[in-house]
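Working notes for the structure below.
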Ligand code: FAD
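Residue numbers (our numbering): 98 to 455.
Okay, here's the thing in structure tokens:
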């Protein structure tokens with residue numbers, strides 16, 4: 098969050114931040130969503146944000162625009178078509194060979210020039226590695242407010258109400274950018290629901306030139322070295338996730354979680370203490386400071402269900418909790434609870450699934 102944000106005064110609440118907005122704010126219009134295109138792929142968080150952006154735009158009675166920054170070619174054209182398919186009314190496009198691979202300088206230049214020219218009221222980006230890097234530099238270049246990792250977006254008295262966890266996840270605060278424009282926010286993948294895709298292949302595309310040369314860019318991309326392990330962990334978009342917690346007692350017992358995951362074609366994950374102990378890599382952590390997931394089925398074994406874990410999993414369609422303690426907080430939000438020893442139960446479950454599925 099930059100200094101341009103202000104937390105609403107305690108008395109303001111959600112119902113009343115009404116104030117006279119400066120006259121020049123009337124120049125700012127449209128809700129913009131950054132369509133994140135990296136190495137030929139559009140990140141699905143962009144579509145989730147178009148879904149949220151649509152609601153905000155409708156409340157404000159303004160249009161929803163997708164922002165596509167990319168190199169000339171098929172991938173960029175595909176990103177434009179997908180932006181329309183997920184609800185954008187128009188697309189602002191900066192197409193330039195310098196935007197082939199993500200680098201902070203040309204992307205920040207393209208985005209800030211677009212903002213200064215076309216003046217959006219709200220600008221949303223995914224809180225991905227790329228999106229976080231870009232959002233921070235765009236907000237500081239424009240001297241405006243950015244609320245990071247929002248869990249809820251709304252419009253209150255004409256301003257963006259951006260809600261996010263605070264104090265370690267024990268409280269939610271709603272932040273308004275009342276004095277600056279655009280109002281910027283990032284949202285992590287899977288926090289918002291995926292909107293329906295409609296076939297709407299055409300729309301208005303407004304082109305803008307990138308006024309930057311290669312010589313002005315310090316960063317050079319020499320190549321890509323993909324971490325194969327991380328690349329495989331696709332927790333956020335998995336249909337089934339099995340996760341283990343401290344209740345499993347040892348790093349060795351995590352094999353029980355992996356075995357079940359393999360048997361049912363799931364991804365596996367864990368609670369934060371397991372990452373802190375070095376039992377699992379950080380990209381397998383589920384929760385507020387890990388991944389937010391929305392699988393069809395989430396199986397949590399030996400996880401207590403602390404609030405920081407809960408916020409990352411409560412979007413799952415079906416939550417099954419296995420815990421020895423019938424009073425564990427996870428049973429407050431699990432759809433199905435099994436009060437038993439996970440170390441004995443997981444192998445039995447794996448065997449039952451293996452028999453049934455083979
Ligand atoms: P515990 O709370 O110790 O729970 C273990 C559970 O296992 C207990 O309920 C116990 O009854 C049960 N159990 C014991 N033995 C067995 C057995 N044999 N079979 C079955 N059940 C058994 N946590 C996250 O997970 N993700 C986050 O992203 C995250 N972010 C955080 C951010 C901040 C700023 C802070 C302060 C904390 C964060 N935490 C996060 C930590 C969180 O508060 C909890 O400490 C953590 O989730 C607890 O992990 P756990 O459930 O595995 O362990």
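Note that CB positions come from ideal geometry on N, CA and C, so glycine has one too.
task = Answer yes or no: the CB of residue 148 versus the heavy atoms of the ligand FAD, is any distance below 8 Å?
result = Position 51 of the chain shown, counted from the first residue, corresponds to residue 148. No; taking the cut-off as 8 Å, the Cβ of residue 148 has no heavy atom of the ligand FAD nearer than that.
message = Quick check on residue 441: buried or exposed, where buried means 16 or more other Cβ atoms within 10 Å of its Cβ?
response = Position 344 of the chain shown, counted from the first residue, corresponds to residue 441. Flag for residue 441 reads exposed.
query = Under the rule that 16 or more other beta-carbon atoms within 10 Å means buried, what is residue 226, buried or exposed?
reply = In the chain shown, the residue the question calls residue 226 occupies position 129. Counting Cβ neighbours within 10 Å, residue 226 comes out exposed, since fewer than 16 surround it.
key: Cβ-based neighbour list, residue 346, same chain, cut-off 8 Å, excluding 5 preceding and 5 following   = For the purposes of this step, residue 346 is identified with residue 249 of the chain shown, where counting begins at 1. Excluding residues within five positions, the ones whose Cβ falls inside 8 Å are 399, 440.
ask   = Residue range of the beta strand (DSSP E) that residue 280 falls in?
value = Position 183 of the chain shown, counted from the first residue, corresponds to residue 280. Counting along the chain, the beta strand (DSSP E) containing residue 280 begins and ends at 280–284.
message = Going residue by residue through the stretch 376–445, where are the continuous alpha helix (DSSP H) segments of at least 4 residues, counting only ones entirely within it?
response = 404–410
request  = Look at the alpha carbon of residue 234 and the alpha carbon of residue 423, and state the distance between them as a whole number of angstroms.
outcome  = One-based indexing of the chain shown puts residue 234 at position 137. One-based indexing of the chain shown puts residue 423 at position 326. Near 48 Å, if we compare the C-alpha coordinates of residue 423 and residue 234.
ask   = Which class does residue 105 belong to by DSSP, given the choice of helix, strand or coil?
value = The sequence position of residue 105 within the chain shown is 8, counting from 1. Since pLDDT at residue 105 reaches only 46, below the 50 mark, its modelled position is unreliable, and no value is offered.
key: For residue 308, the first and last residue of its enclosing beta strand (DSSP E)   = Taking the chain shown and counting its residues from 1, one reaches residue 308 at position 211. Segment: none, residue 308 is in no beta strand (DSSP E) and carries neither H nor E.
request  = Please confirm if the stretch 381–394 is in contact with the stretch 404–416, defined as three or more CB-CB distances below 8 Å between the two stretches.
outcome  = yes
query = If you run the structure through DSSP and keep just helix, strand and coil, what is residue 157?
reply = Position 60 of the chain shown, counted from the first residue, corresponds to residue 157. Helix, per DSSP.
Residue 211 vs residue 140 beta-carbon contact at 9 Å = What you label residue 211 is simply residue 114 of the chain shown in a count that begins at 1. What you label residue 140 is simply residue 43 of the chain shown in a count that begins at 1. Cβ distance not < 9 Å, so residue 211 and residue 140 don't count as in contact.
ask   = Within 8 Å: the Cβ of residue 425 and any heavy atom of the ligand FAD?
value = Indexing the chain shown from 1 puts residue 425 at position 328. Yes; taking the cut-off as 8 Å, the Cβ of residue 425 has a heavy atom of the ligand FAD nearer than that.
query = Do three or more CB pairs link the stretch 171–186 to the stretch 141–155 at distances below 8 Å?
reply = yes
task = Please classify residue 110: does DSSP put it in a helix, a strand, or coil?
result = As a first step, residue 110 must be located in the chain shown, where it is residue number 13. Legend: pLDDT at residue 110 = 46, less than 50; position of this residue unreliable, value from coordinates given subsequently. Three-state result, residue 110: coil.
inquiry  = For a test of the three-state rule: what should DSSP assign to residue 337, helix, strand or coil?
reply    = Your numbering for residue 337 matches position 240 in the chain shown. Reduced to three states, the DSSP call for residue 337 is strand.
inquiry  = Closest to residue 371 by C-alpha separation, out of 364, 242, 351, 409, would be which residue?
reply    = Position 274 of the chain shown holds residue 371. Taking only the C-alpha atoms, the option nearest residue 371 is 351.
request  = May I ask you to check if the CB of residue 399 is nearer than 8 Å to at least one heavy atom of the ligand FAD?
outcome  = Counting from one through the chain shown, the residue named residue 399 turns up at place 302. Correct: residue 399 has its Cβ closer than 8 Å to the ligand FAD.
Alpha carbon of residue 176 to alpha carbon of residue 432, nearest angstrom = Indexing the chain shown from 1 puts residue 176 at position 79. Indexing the chain shown from 1 puts residue 432 at position 335. One C-alpha to the other measures close to 37 Å.
request  = Alpha carbon to alpha carbon, how far is residue 445 from residue 104? Give it in angstroms, no decimals.
outcome  = The residue given as residue 104 occupies position 7 in the chain shown. The residue given as residue 445 occupies position 348 in the chain shown. The predicted model places residue 104 with a pLDDT of 47, which falls under 50 and marks its position as unreliable, so this point remains unresolved.
request  = Could you tell me which residues DSSP puts in a beta bridge with residue 214?
outcome  = Stepping through the chain shown from its first residue, residue 214 is reached at position 117. DSSP output for residue 214 lists no bridge partner at all.
ask   = Say the cut is 8 Å; is the CB of residue 420 nearer than that to a heavy atom of the ligand FAD?
value = Residue 420 sits at position 323 when you count from the first residue of the chain shown. Yes - the ligand FAD has a heavy atom lying nearer than 8 Å to the Cβ of residue 420.
request  = Using a threshold of 9 Å, state whether the C-beta atoms of residue 144 and residue 309 are closer than that.
outcome  = Position 47 of the chain shown, counting from 1, holds the residue named residue 144. Position 212 of the chain shown, counting from 1, holds the residue named residue 309. No, these two residues do not count as a Cβ contact at 9 Å.
inquiry  = Following a CB-centred definition, is residue 256 positioned closer than 8 Å to any heavy atom of the ligand FAD?
reply    = In the chain shown, the residue the question calls residue 256 occupies position 159. Outside the cutoff, so no.
task = Using alpha carbons as the reference points, say which of 265, 268, 132, 358 lies closest to residue 286.
result = Against the chain shown, residue 286 aligns to sequence position 189. The option with the nearest alpha carbon to residue 286 is 132.
query = Got a sec? Which residues, its chain only, sit under 6 Å from residue 118 by beta carbon, not counting five neighbours each side?
reply = Along the chain shown, read from residue 1 onward, the residue named residue 118 stands at position 21. Here the set comprises nothing.
inquiry  = Is the separation between the beta-carbon of residue 217 and that of residue 129 shorter than 9 Å?
reply    = By 1-based counting over the chain shown, the position of residue 217 is 120. By 1-based counting over the chain shown, the position of residue 129 is 32. The answer is yes: Cβ separation under 9 Å.
ask   = Buried or exposed: where does residue 256 fall if 16 or more other Cβ atoms within 10 Å of its Cβ makes it buried?
value = Taking the chain shown and counting its residues from 1, one reaches residue 256 at position 159. It is buried - the Cβ of residue 256 has at least 16 other Cβ atoms within 10 Å.
ask   = Comparing the CB of residue 433 with every heavy atom of the ligand FAD, is any distance shorter than 8 Å?
value = For the purposes of this step, residue 433 is identified with residue 336 of the chain shown, where counting begins at 1. Because no heavy atom of the ligand FAD lies under 8 Å away, the Cβ of residue 433 does not count as near it: no.
message = Given 8 Å as the limit, tell me if residue 93 has its C-beta closer than that to any heavy atom belonging to the ligand FAD.
response = Since the first residue shown for the chain is 98 and the last is 455, residue 93 is missing from the structure and cannot be characterised.
Complete runs of the alpha helix (DSSP H) confined to the stretch 211–271 [at least 4 residues] = 226–239
message = Give me the residue from 342, 206, 250, 368 with the minimum Cα distance to residue 313.
response = Walking along the chain shown from the start, residue 313 turns up at place 216. Comparing Cα-Cα distances from residue 313 to each of 342, 206, 250, 368, the minimum goes to 206.
query = How is the beta strand (DSSP E) around residue 288 delimited, first residue to last?
reply = Numbered from its first residue, the chain shown carries residue 288 at position 191. Element bounds for residue 288: n/a, residue is neither H nor E.
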